[in-house]
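Reading through the structure tokens given below for one structure.
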Amino acid sequence: MKYFGLVWAGLWRKKTRTVFTMVSIVIAFLLFGLLQGINQGFSTALARLDVDRLYVSARTGMTDGMPISYLSRIRNVPGVRAVSMWAYFGGYYQEARNPIPAFATDAVELMKVYKEIKIRPEYIEAMAKTRTGALVSEALAATHGWKVGDRVPIGTSIWTNKAGSNTWDFDIVGTFDASAYGAGFPSFYLNYSYFDEARQFGTGELHYYIVSLQDPKQAQRISREIDDMFANSSVETRTQTESALAQSQLKQFADINFIANAIVGAVLFTLLFLTANTMMQSVRERTSELAVLKTLGYSDTKVLILVMTESLLLCLFAAALGIALAALVFKSPALQKLFGDFSMPLFVAGIGAGIAVLVAFISGFPPAWRARQLNIVEALAGR
Amino acid sequence: MTALVTLRNVTKSYVRGKQKVEVLHGIDLAIETGEFLALMGPSGSGKTTLLNLVAGLDQPTGGEVLVAGDRIDRLSRGSLSDWRARNIGFIFQFYNLLPVLTAEANVEVPLLLTNLSKAERRRRVQIALELVGLSERARHKPNELSGGQQQRVAIARAIVSDPTLLVCDEPTGDLDRQNAEEIMNLLQALNRSQNKTIVMVTHDPKAAEYASRELHLDKGLLTNDTRRAA
Numbered sequence: 391m392k393y394f395g396l397v398w399a400g401l402w403r404k405k406t407r408t409v410f411t412m413v414s415i416v417i418a419f420l421l422f423g424l425l426q427g428i429n430q431g432f433s434t435a436l437a438r439l440d441v442d443r444l445y446v447s448a449r450t451g452m453t454d455g456m457p458i459s460y461l462s463r464i465r466n467v468p469g470v471r472a473v474s475m476w477a478y479f480g481g482y483y484q485e486a487r488n489p490i491p492a493f494a495t496d497a498v499e500l501m502k503v504y505k506e507i508k509i510r511p512e513y514i515e516a517m518a519k520t521r522t523g524a525l526v527s528e529a530l531a532a533t534h535g536w537k538v539g540d541r542v543p544i545g546t547s548i549w550t551n552k553a554g555s556n557t558w559d560f561d562i563v564g565t566f567d568a569s570a571y572g573a574g575f576p577s578f579y580l581n582y583s584y585f586d587e588a589r590q591f592g593t594g595e596l597h598y599y600i601v602s603l604q605d606p607k608q609a610q611r612i613s614r615e616i617d618d619m620f621a622n623s624s625v626e627t628r629t630q631t632e633s634a635l636a637q638s639q640l641k642q643f644a645d646i647n648f649i650a651n652a653i654v655g656a657v658l659f660t661l662l663f664l665t666a667n668t669m670m671q672s673v674r675e676r677t678s679e680l681a682v683l684k685t686l687g688y689s690d691t692k693v694l695i696l697v698m699t700e701s702l703l704l705c706l707f708a709a710a711l712g713i714a715l716a717a718l719v720f721k722s723p724a725l726q727k728l729f730g731d732f733s734m735p736l737f738v739a740g741i742g743a744g745i746a747v748l749v750a751f752i753s754g755f756p757p758a759w760r761a762r763q764l765n766i767v768e769a770l771a772g773r
Numbered sequence: 333m334t335a336l337v338t339l340r341n342v343t344k345s346y347v348r349g350k351q352k353v354e355v356l357h358g359i360d361l362a363i364e365t366g367e368f369l370a371l372m373g374p375s376g377s378g379k380t381t382l383l384n385l386v387a388g389l390d391q392p393t394g395g396e397v398l399v400a401g402d403r404i405d406r407l408s409r410g411s412l413s414d415w416r417a418r419n420i421g422f423i424f425q426f427y428n429l430l431p432v433l434t435a436e437a438n439v440e441v442p443l444l445l446t447n448l449s450k451a452e453r454r455r456r457v458q459i460a461l462e463l464v465g466l467s468e469r470a471r472h473k474p475n476e477l478s479g480g481q482q483q484r485v486a487i488a489r490a491i492v493s494d495p496t497l498l499v500c501d502e503p504t505g506d507l508d509r510q511n512a513e514e515i516m517n518l519l520q521a522l523n524r525s526q527n528k529t530i531v532m533v534t535h536d537p538k539a540a541e542y543a544s545r546e547l548h549l550d551k552g553l554l555t556n557d558t559r560r561a562a
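Residue numbers (this note's numbering), protein chains in the order written: chain E, 391 to 773; chain C, 333 to 562.
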């Protein structure tokens with residue numbers, strides 16, 4: 391600790407160079423923190439997903455319809471506790487640029503499948519009684535200023551109703567809080583029975599059966615049984631756990647894990663050269679100063695440690711700043727809106743610190759070794 | 333008086349390219365405790381090489397070097413570092429202060445190697461700076477000080493750990509006459525009042541006049557040894 395002043399002062403010998411190097415490291419670790427944070431956030435979110443829920447979709451694709459007749463057959467599979475369904479409505483409010491994630495469902499069954507949804511029982515009853523009823527999330531209602539009793543026109547680019555219109559009117563009969571399922575959870579529900587009767591085409595079809603299990607350990611057996619039941623039928627099924635489904639949906643965008651690791655790897659590799667160059671220049675410029683330290687009795691090893699500490703301090707300080715910035719960015723409302731309740735897991739900061747130490751050692755060792763090997767007489771003579 | 337430094341048949345040679353250069357040829361020398369020795373001679377005579385051997389910065393090719401009772405020609409690099417920290421104070425021609433540190437931080441650098449507490453280190457730094465008359469410039473960095481002041485800081489750094497021997501390589505070589513005289517007066521005062529043993533390499537006959545003994549080297553051999561009455 392008593393050498394801190396000496397090391398710190400050495401670090402700031404060329405302020406501009408140190409600042410630029412630090413900014414580079416801060417940006418690199420900010421990027422690391424953001425990408426790894428997002429990556430880990432997705433993984434953590436996926437791991438948190440229920441394993442006692444299965445999603446049944448058409449084997450040919452998630453947007454292809456399945457017959458409603460499958461419902462009773464799936465319900466009869468041993469080990470199935472409840473089954474609900476989703477049919478894409480693909481809605482928007484007023485303009486297409488205000489999308490509403492709307493799904494047609496059986497609300498009573500839906501609440502049995504998603505037990506964490508907070509909703510007043512009278513809203514579920516009202517939904518069952520009101521054909522044109524809609525349940526909306528509290529967040530969505532707040533966004534558009536909707537309240538229970540309002541009639542809202544919801545447009546859809548997919549479905550035309552029997553009146554020939556693409557705008558459907560719904561009566562808001564209740565609100566719910568599904569924050570336990572994250573920001574991606576559908577926030578607008580309409581009655582499947584009404585939707586099915588009122589649409590011009592696609593009657594009797596839906597896109598997902600959501601199956602709640604009595605025992606999560608039976609997930610594999612039940613998945614197989616459901617898919618076997620509809621094998622060789624007109625619409626074969628694919629049954630997945632919630633996390634498998636989420637992962638396959640994510641992979642539709644890209645392999646986030648691969649992209650995150652590739653970018654961070656490339657950035658850190660470049661950083662290694664940058665830091666090594668800074669340290670090498672710094673030591674080269676200080677040849678006579680290091681020789682003076684040795685003259686005063688600083689051993690070869692002590693000089694090596696001082697230079698290594700300087701490199702460590704540079705990398706750790708800047709990395710800590712970068713990761714702290716990333717953690718702050720995760721707190722920003724814009725990102726929260728985009729990714730939901732994401733935060734950077736603590737172990738990402740730990741990995742960042744580990745990488746910073748590694749970068750410091752790899753980039754600091756060659757100049758530190760050079761300083762260690764310095765011959766006092768030759769260095770003082772300027773040779 | 334007892335000999336603080338004893339050199340017996342010391343030789344030193346370097347290899348430059350394919351050539352072997354003999355710098356010192358069988359030097360025998362004794363420097364007593366409390367002496368102020370000026371080492372003079374033309375460029376290339378081996379003055380700085382001899383100084384480096386006495387200060388434990390370099391090892392002889394042959395012969396024995398005894399300083400403060402230690403055969404330093406037998407010490408390893410690591411042991412020599414420790415030995416220098418305990419026994420030697422250095423004063424260079426170009427001061428060689430660390431530019432990023434203040435005067436007091438520069439003076440503290442040798443004390444960081446000791447087990448002294450922070451408070452004790454500060455106290456000793458303060459005393460050393462007062463001895464060289466620079467306590468009011470303690471917070472200044474080297475580039476805010478004149479050449480003479482920088483050399484005073486270097487002297488404070490050299491004496492702060494109370495070394496057995498002070499070695500000076502052309503301490504006035506970069507200074508004007510007035511500053512040179514001030515520095516030489518300071519070194520003489522340290523020699524006389526603190527009984528510091530000083531070995532000084534210089535080209536300057538006026539600087540050498542402050543020493544109690546003058547030794548001349550030529551082509552790696554001692555040619556003249558003169559003692560002055562105090």
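Where a beta carbon is used, it is the ideal one built from N, C-alpha and C, also for glycine.
Check, Outcome
"With a threshold of 6 Å, establish whether the CB of P431/C neighbours any heavy atom of the ligand HEM.", "The ligand HEM is absent from the structure shown, which contains no ligands of any kind."
"Measure the alpha-carbon distance for K505/E versus T629/E and round it to whole angstroms.", "20 Å"
"To the nearest angstrom, how far is it from the Cα of R449/E to the Cα of D617/E?", "9 Å"
"Mind checking which residues open and close the beta strand (DSSP E) that includes E364/C?", "Q351 to E364"
"Could you please give the first and the last residue of the uninterrupted beta strand (DSSP E) stretch that includes I548/E?", "First-last for I548/E: undefined, no H or E at that position."
"Please list the partners that R416/C has in chain E, where partner means a Cβ-to-Cβ separation under 8 Å.", "T685, L686 and G687"
"If you drop the 5 nearest sequence neighbours on each side, which residues of the same chain put their C-beta closer than 8 Å to that of N511/C?", "S478, G479, G480, Q483 and T504"
"Take W415/C as the anchor and find which of T446/C, V439/C and I359/C has the nearest alpha-carbon.", "T446/C"
"Answer with yes or no whether the minimum CB distance from V409/E to chain C is below 7 Å.", "no"
"Going by Cα to Cα distance, which pick from G480/E, R521/E, I458/E and Y482/E is closest to V473/E?", "I458/E"
"V547/C lies in the beta strand (DSSP E); which residues open and close that run?", "What sits at residue 547/C in the sequence shown is Leu, not Val. Run containing L547/C: R545 to D550, per the beta strand (DSSP E) assignment."
"Quick check on V492/C: does DSSP put it in helix, strand or coil?", "coil"
"Ordered along the chain, which non-local residues of its own chain (more than five positions away) have a Cβ less than 6 Å from that of L635/E?", "Y445"
"Specify, as a first and last residue, the run of the beta strand (DSSP E) that L371/C falls within.", "F368 to M372"
"So what does G523/E bridge to, in DSSP terms?", "D561/E"
"Just the chain C side, please: which residues come within less than 9 Å of V682/E by C-beta, in chain order?", "F422, F424, N428, L429, L430 and V441"
"Does any CB atom of chain C fall closer than 7 Å to the CB of I766/E?", "yes"
"Taking buried to mean at least 16 other C-beta atoms within 10 Å of its own C-beta, is M412/E buried or exposed?", "buried"
"Is the shortest distance between the beta-carbon of S544/C and the beta-carbons of chain E less than 7 Å?", "no"
"Short of 7 Å in beta carbon distance, which residues of its chain neighbour A588/E, apart from the five on each side in sequence? Order them along the chain.", "N551 and K552"
"When the Cα atoms are used, what is the spatial distance from L694/E to L549/C?", "37 Å"
"Give a yes or no on whether 7 Å exceeds the smallest Cβ distance from E679/E to chain C.", "yes"
"Please list the partners that D405/C has in chain E, where partner means a Cβ-to-Cβ separation under 9 Å.", "Under the 9 Å cutoff, chain E gives no residues; its nearest Cβ is about 15 Å from D405/C."
"Skipping 5 residues on each side, what residues in its chain have a beta carbon closer than 6 Å to that of V470/E?", "V601"
"Taking C-beta pairs closer than 7 Å, name the residues in chain E that D390/C reaches, listed in chain order.", "V767"
"Does the contact criterion of 3 or more C-beta pairs under 8 Å hold for the region 664–683 of chain E versus the region 418–433 of chain C?", "yes"
"Starting from the beta carbon of N384/C, find every residue of chain E whose beta carbon is closer than 7 Å, and list them in chain order.", "V767"
"Which residue from F394/E, V416/E, K392/E and L401/E puts its Cα closest to that of A716/E?", "V416/E"
"Quick one: which chain C residues come within Cβ less than 9 Å of R762/E?", "The contacting residues do not exist; R762/E stays about 10 Å from chain C at best."
"Using DSSP with H/G/I as helix, E/B as strand and the rest coil, what is I766/E?", "helix"
"CB T381/C to CB L361/C, shorter than 7 Å?", "no"
"Which ranges does the beta strand (DSSP E) cover as unbroken runs of at least 3 residues, wholly within the region 494–540 of chain E, from first to last along the chain?", "523–527"
"Can you find the residues in the same chain that come closer than 8 Å, C-beta to C-beta, to E364/C, ignoring five residues on each side of it along the sequence?", "M333, T334, A335, L336 and T529"
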